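A.B. asks: I have a structure I would like to understand better, so I am pasting it below and will then ask my questions one at a time.
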Amino acid sequence: MIREYQIRVQPHVAGNEQKLKAFVAEENGFDERTLTALRILRRSIDARQRTIFVNLKVRAYINELPTDDEYVPTVYPDVSQRPQVIVVGAGPGGLFAALRLIELGLRPIVIERGKNVHDRKKDLALIAKTQQVDEESNYCFGEGGAGAYSDGKLYTRSKKRGSIEKILNVFCQHGASTNILADAHPHIGTDKLPRVIENMRNTILRSGGEVHFQTKMTRLIVDGNRVVGCLAADKEFRGPVILATGHSARDVYRYLADAKIEIEAKGIAVGVRLEHPSMLIDQIQYHSKMGRGRYLPAAEYSFVTQVDGRGVYSFCMCPGGFVIPAATGPEQIVVNGMSPSHRGGQWSNSGMVVETRAEDIEGDDPLRMLRFQEQLERDCWQQGNRKQTAPAQRMADFVNRRLSYDLPQSSYALGLLSSPLHFWMPESISRRLQEGFKVFGRQSHGFLTNEAVMIGVETRTSSPVRIVRSADTFMHIRLQGLFPCGEGAGYAGGIVSAGVDGERCAEMCAQYLLQS
Numbered sequence: 010m011i012r013e014y015q016i017r018v019q020p021h022v023a024g025n026e027q028k029l030k031a032f033v034a035e036e037n038g039f040d041e042r043t044l045t046a047l048r049i050l051r052r053s054i055d056a057r058q059r060t061i062f063v064n065l066k067v068r069a070y071i072n073e074l075p076t077d078d079e080y081v082p083t084v085y086p087d088v089s090q091r092p093q094v095i096v097v098g099a100g101p102g103g104l105f106a107a108l109r110l111i112e113l114g115l116r117p118i119v120i121e122r123g124k125n126v127h128d129r130k131k132d133l134a135l136i137a138k139t140q141q142v143d144e145e146s147n148y149c150f151g152e153g154g155a156g157a158y159s160d161g162k163l164y165t166r167s168k169k170r171g172s173i174e175k176i177l178n179v180f181c182q183h184g185a186s187t188n189i190l191a192d193a194h195p196h197i198g199t200d201k202l203p204r205v206i207e208n209m210r211n212t213i214l215r216s217g218g219e220v221h222f223q224t225k226m227t228r229l230i231v232d233g234n235r236v237v238g239c240l241a242a243d244k245e246f247r248g249p250v251i252l253a254t255g256h257s258a259r260d261v262y263r264y265l266a267d268a269k270i271e272i273e274a275k276g277i278a279v280g281v282r283l284e285h286p287s288m289l290i291d292q293i294q295y296h297s298k299m300g301r302g303r304y305l306p307a308a309e310y311s312f313v314t315q316v317d318g319r320g321v322y323s324f325c326m327c328p329g330g331f332v333i334p335a336a337t338g339p340e341q342i343v344v345n346g347m348s349p350s351h352r353g354g355q356w357s358n359s360g361m362v363v364e365t366r367a368e369d370i371e372g373d374d375p376l377r378m379l380r381f382q383e384q385l386e387r388d389c390w391q392q393g394n395r396k397q398t399a400p401a402q403r404m405a406d407f408v409n410r411r412l413s414y415d416l417p418q419s420s421y422a423l424g425l426l427s428s429p430l431h432f433w434m435p436e437s438i439s440r441r442l443q444e445g446f447k448v449f450g451r452q453s454h455g456f457l458t459n460e461a462v463m464i465g466v467e468t469r470t471s472s473p474v475r476i477v478r479s480a481d482t483f484m485h486i487r488l489q490g491l492f493p494c495g496e497g498a499g500y501a502g503g504i505v506s507a508g509v510d511g512e513r514c515a516e517m518c519a520q521y522l523l524q525s
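Numbered by the numbering used here, the letters in the sequence shown go through residues 10 to 525 in order.
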């Protein structure tokens, strides 16, 4: 007999399999000895009150063993002799587009400007040693995209375009822990995601697809109103194109603008990385001087408010994580956050950002939001001694418009330099952050503190450009055979939503080929 139950238990019960089995059996009136297996289907933490509870949905196997898989596998056929589709970019949008193409009987040819996920790691280590950024291999460019080495969080609020469960199951099939199917805020971890990405690449290759690294697209091949391929690394690749270049491919946006291919400015959010000691966040969120204790994970938080008609909110919260340099070229400082799978680090960080709409920036240039990003990153670089040393300020000092005469220890490995962020950041950003922090401090006692440090600047929250496409076909509004995809095209915000959009682009591309 198989039964499913919704239960609410304290963390020490949820964290101990034997205690959990005993609780389920007693609560539902059967002998614990008949419970042969217990599978957790959903898990979330309720920390709203001083007594912390874990909400669980469990599947109990009574007097029988599980015969179903923990995840739903996908079959990938041999497509080596099938029509080909060019996928530009090997981030989550591109990888999931390629895998879905294989499901649909099409042959993906993936071209990626950066290196494979293993070799890319060496270039990331060099940033700390040399203070220099490889423009083609960094935290944004390379196999796996911006998410590969910046956390691997799989939480999304977007549920409109496709199956989130399918995306999570594909990750599990390629080596991710099945915990991601149960957790309310699933997370693979930057230490484990690269192996999963390699396995996805191997599935593409085994099925007859191709993956080309250090192969940067320079232009599309257009015949009339139809895209028939692209030029990359002086080689022509023929077929319809799924364009999944990620949110930092500024050269692609400039090429599209110069080629008069319709794009439009899109709102973004900009601000800082805010870093607290993880013990302090645990104490605040779990209402205990002991912090998380033995059975609870590193605490997360989420804040949002409105200041003068614009949202101010936390973004990409990384409990027990690190702040990393995410620039993609010279004369830029950009920061992001990451967490390993165990989330056991000394600090917790998140983006703290202000909504900035296209109409907030003067003009009608479709690249104006991109130029706004670039200028802010250049200003930050100049403040940081023209290296990857990041300008920073204590949180309470920022709110009170005071220079920080010293800075706390930080996870940012390239070093911090005290700087008056309240003075040189745009007034529309700094003022709203100050007011937002006051609200968050009232909502969560102890959060607004000089133990926390603000690190500049967080600008790569999403694409500053939208490549205009049809809502029905996912195809560019003027060019047939071009499918703008994922976060770089302005239609996703994170790993899962980019994966969902990649699958939908693949499906629309398959329909296009059937009709051609």
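From the three backbone atoms N, C-alpha and C, an ideal C-beta is built for every residue, glycine too. Bear in mind that the values here come from a model prediction, so they are computed numbers and not experimental data.
For residue 53, does the three-state DSSP call read helix, strand or coil?
C.D. replies: Walking along the sequence shown from the start, residue 53 turns up at place 44. In this structure, residue 53 counts as strand in the three-state DSSP scheme.
A.B. asks: Between the C-alpha atoms of residue 298 and residue 26, what's the straight-line distance to the nearest angstrom?
C.D. replies: As a first step, residue 298 must be located in the sequence shown, where it is residue number 289. As a first step, residue 26 must be located in the sequence shown, where it is residue number 17. If I take the Cα positions, the gap works out to 27 Å.
A.B. asks: Confirm, please, whether the CB-CB distance from residue 11 to residue 68 is below 8 Å.
C.D. replies: Within the sequence shown, numbered from 1, the residue matching residue 68 stands at position 59. Within the sequence shown, numbered from 1, the residue matching residue 11 stands at position 2. In this structure, residue 11 lies closer than 8 Å to residue 68 by Cβ.
A.B. asks: Can you check whether the CB of residue 117 is closer than 8 Å to the CB of residue 94?
C.D. replies: As a position in the sequence shown, residue 94 is number 85, starting the count at 1. As a position in the sequence shown, residue 117 is number 108, starting the count at 1. Yes, they are a contact pair.
A.B. asks: Taking DSSP as the reference, what is the three-state secondary structure of residue 397?
C.D. replies: Position 388 of the sequence shown, counting from 1, holds the residue named residue 397. Per DSSP, reduced to three states, the secondary structure at residue 397 is coil, with no helix or strand assignment.
A.B. asks: Considering only the beta carbon of each residue, do residue 39 and residue 71 sit closer than 8 Å?
C.D. replies: Locating residue 39 in the sequence shown gives position 30, counting from the first residue. Locating residue 71 in the sequence shown gives position 62, counting from the first residue. Cβ atoms of residue 39 and residue 71: closer than 8 Å.
A.B. asks: Taking Cβ positions, are residue 491 and residue 236 nearer each other than 8 Å?
C.D. replies: In the sequence shown, counting from the first residue as 1, residue 491 sits at position 482. In the sequence shown, counting from the first residue as 1, residue 236 sits at position 227. Yes, Cβ-Cβ distance for residue 491 and residue 236 is below 8 Å.
A.B. asks: Quick check: what's the CA-CA separation for residue 520 versus residue 271?
C.D. replies: The residue given as residue 520 occupies position 511 in the sequence shown. The residue given as residue 271 occupies position 262 in the sequence shown. Computed Cα separation, rounded: 23 Å.
A.B. asks: If you draw a straight line from the alpha carbon of residue 472 to that of residue 288, how long is it in whole angstroms?
C.D. replies: Here residue 472 is taken as the residue at index 463 of the sequence shown, counted from 1. Here residue 288 is taken as the residue at index 279 of the sequence shown, counted from 1. Their Cα atoms are separated by approximately 33 Å.
A.B. asks: Along the chain, which unbroken stretches of the beta strand (DSSP E) at least 3 residues long are found entirely within the segment 111-163?
C.D. replies: 116-120
A.B. asks: Go ahead and label residue 275 buried or exposed: buried means 16 or more other beta carbons lie within 10 angstroms of its beta carbon, across all protein chains shown.
C.D. replies: Indexing the sequence shown from 1 puts residue 275 at position 266. The residue in question, residue 275, is buried, as its Cβ has 16 or more Cβ neighbours within 10 Å.
A.B. asks: Distance check for residue 62 and residue 457, CA to CA, integer angstroms please.
C.D. replies: As a first step, residue 457 is located in the sequence shown; it is residue number 448 there, counting from the start. As a first step, residue 62 is located in the sequence shown; it is residue number 53 there, counting from the start. Roughly 26 Å between the two C-alpha positions.
A.B. asks: Counting only runs of 4+ residues fully inside the segment 211-267, write out the alpha helix (DSSP H) ranges in chain order.
C.D. replies: Here the runs fully enclosed are 259-267.
A.B. asks: Measure the C-alpha to C-alpha separation of residue 313 and residue 88 and round it to an integer number of angstroms.
C.D. replies: For the purposes of this step, residue 313 is taken as residue 304 along the sequence shown, with counting starting at 1. For the purposes of this step, residue 88 is taken as residue 79 along the sequence shown, with counting starting at 1. Taking the straight line from one Cα to the other gives about 47 Å.
A.B. asks: Taking the alpha carbon of residue 346 as the point to measure from, which residue in 293, 284 and 370 has its own alpha carbon closest?
C.D. replies: Position 337 of the sequence shown holds residue 346. The residue among 293, 284 and 370 with its C-alpha nearest the C-alpha of residue 346 is 284.
A.B. asks: Who are the near neighbours of residue 338 in its chain, counting only those whose CB is closer than 6 Å to its CB and skipping five residues on each side?
C.D. replies: Stepping through the sequence shown from its first residue, residue 338 is reached at position 329. Only 144 meet the Cβ criterion.
A.B. asks: Can you say whether residue 409 is buried or exposed, counting buried as having 16 or more other CB atoms within 10 angstroms of its CB?
C.D. replies: Working through the sequence shown from its first residue, we reach residue 409 at position 400. Residue environment: residue 409 is assigned as exposed (fewer than 16 neighbouring CB atoms within 10 Å of its CB, all protein chains considered).
A.B. asks: What's the call for residue 141, buried or exposed, on a 16-neighbour Cβ count within 10 Å?
C.D. replies: Locating residue 141 in the sequence shown gives position 132, counting from the first residue. That one is exposed.
A.B. asks: What are the boundary residues of the beta strand (DSSP E) that includes residue 14?
C.D. replies: Taking the sequence shown and counting its residues from 1, one reaches residue 14 at position 5. Where residue 14 is concerned, the enclosing beta strand (DSSP E) stretches over 11-18.
A.B. asks: Considering only residues of the segment 419-500, which uninterrupted beta strand (DSSP E) runs meet the minimum length of 3 residues and lie entirely inside it, listed in chain order?
C.D. replies: 425-427, 462-467, 474-476 and 491-493
A.B. asks: Find the nearest neighbour of residue 152 within the set 331, 125 and 432, judged by alpha-carbon distance.
C.D. replies: Residue numbering aside, residue 152 sits at position 143 when the sequence shown is read from its first letter. When 331, 125 and 432 are compared, the shortest CA-CA separation from residue 152 is found for 125.
A.B. asks: Anyone know if the C-beta pair for residue 528 and residue 438 falls short of 8 Å?
C.D. replies: Any property of residue 528 remains undetermined from this structure, which presents the chain solely from 10 to 525.
A.B. asks: So, under 8 Å CB-CB, residue 359 and residue 327 are touching, yes? Tell me the CB distance rounded to an integer number of Å.
C.D. replies: Taking the sequence shown and counting its residues from 1, the one referred to as residue 359 is at position 350. Taking the sequence shown and counting its residues from 1, the one referred to as residue 327 is at position 318. Between residue 327 and residue 359 the Cβ distance is about 6 Å, and since that is below 8 Å, they are a contact.
A.B. asks: For residue 256, is the classification buried or exposed, using 16 other Cβ atoms within 10 angstroms of its Cβ as the cut-off for buried?
C.D. replies: Indexing the sequence shown from 1 puts residue 256 at position 247. Within a 10 Å sphere around the beta-carbon of residue 256 sit 16 or more other beta-carbons, which makes this residue buried.
A.B. asks: Which word fits residue 296, buried or exposed, when buried means at least 16 other C-beta atoms lie within 10 angstroms of its C-beta?
C.D. replies: For this step, residue 296 is matched to residue 287 along the sequence shown. Under this definition residue 296 is an exposed residue.
A.B. asks: Would you decide whether residue 375 is buried or exposed? Buried here means 16 or more other CB atoms lie within 10 Å of its CB.
C.D. replies: Residue numbering aside, residue 375 sits at position 366 when the sequence shown is read from its first letter. Only buried fits residue 375, as 16 or more other CB atoms lie within 10 angstroms of its CB.
A.B. asks: Looking only at C-alpha atoms, which of 504, 505, 483 and 496 sits nearest to residue 517?
C.D. replies: Residue 517 sits at position 508 when you count from the first residue of the sequence shown. Per the Cα distances, 483.
A.B. asks: What does DSSP give as the partner residues of residue 390 in its beta bridges?
C.D. replies: Here residue 390 refers to the residue found at position 381 of the sequence shown. DSSP lists no partner for residue 390.
A.B. asks: Report, in whole angstroms, the separation of the C-beta atoms of residue 254 and residue 499, which I expect to be a contact under 8 Å.
C.D. replies: Translated into positions along the sequence shown, residue 254 becomes position 245. Translated into positions along the sequence shown, residue 499 becomes position 490. Not a contact, Cβ separation roughly 11 Å.
A.B. asks: My assumption, with CB atoms under 8 Å, is that residue 154 sits in contact with residue 508. Please give the rounded CB distance.
C.D. replies: Position 145 of the sequence shown, counted from the start, is the residue given in the question as residue 154. Position 499 of the sequence shown, counted from the start, is the residue given in the question as residue 508. Contact flag wrong, Cβ pair sits at about 10 Å.
A.B. asks: Going by DSSP, which residues form a beta bridge with residue 44?
C.D. replies: One-based indexing of the sequence shown puts residue 44 at position 35. The beta-bridge partner set that DSSP reports for residue 44 consists of 71.
A.B. asks: Check the C-beta distance from residue 212 over to residue 85 and give it rounded, since I have them as a contact under 8 Å.
C.D. replies: Here residue 212 refers to the residue found at position 203 of the sequence shown. Here residue 85 refers to the residue found at position 76 of the sequence shown. Their Cβ separation, rounded to whole angstroms, is 6 Å, which keeps residue 212 and residue 85 in contact under 8 Å.
A.B. asks: How big is the Cα-Cα spacing for residue 147 and residue 430?
C.D. replies: Locating residue 147 in the sequence shown gives position 138, where the first residue counts as 1. Locating residue 430 in the sequence shown gives position 421, where the first residue counts as 1. Near 26 Å, if we compare the C-alpha coordinates of residue 430 and residue 147.
A.B. asks: When the Cα atoms are used, what is the spatial distance from residue 475 to residue 378?
C.D. replies: Within the sequence shown, the letter at position 466 stands for residue 475. Within the sequence shown, the letter at position 369 stands for residue 378. Roughly 11 Å separates the two Cα atoms.
A.B. asks: Compare the C-alpha of residue 422 against each of 486, 100, 333 and 348 and name the closest.
C.D. replies: Counting from 1 along the sequence shown, the entry for residue 422 is found at position 413. When only C-alpha atoms are compared, the closest one is 333.
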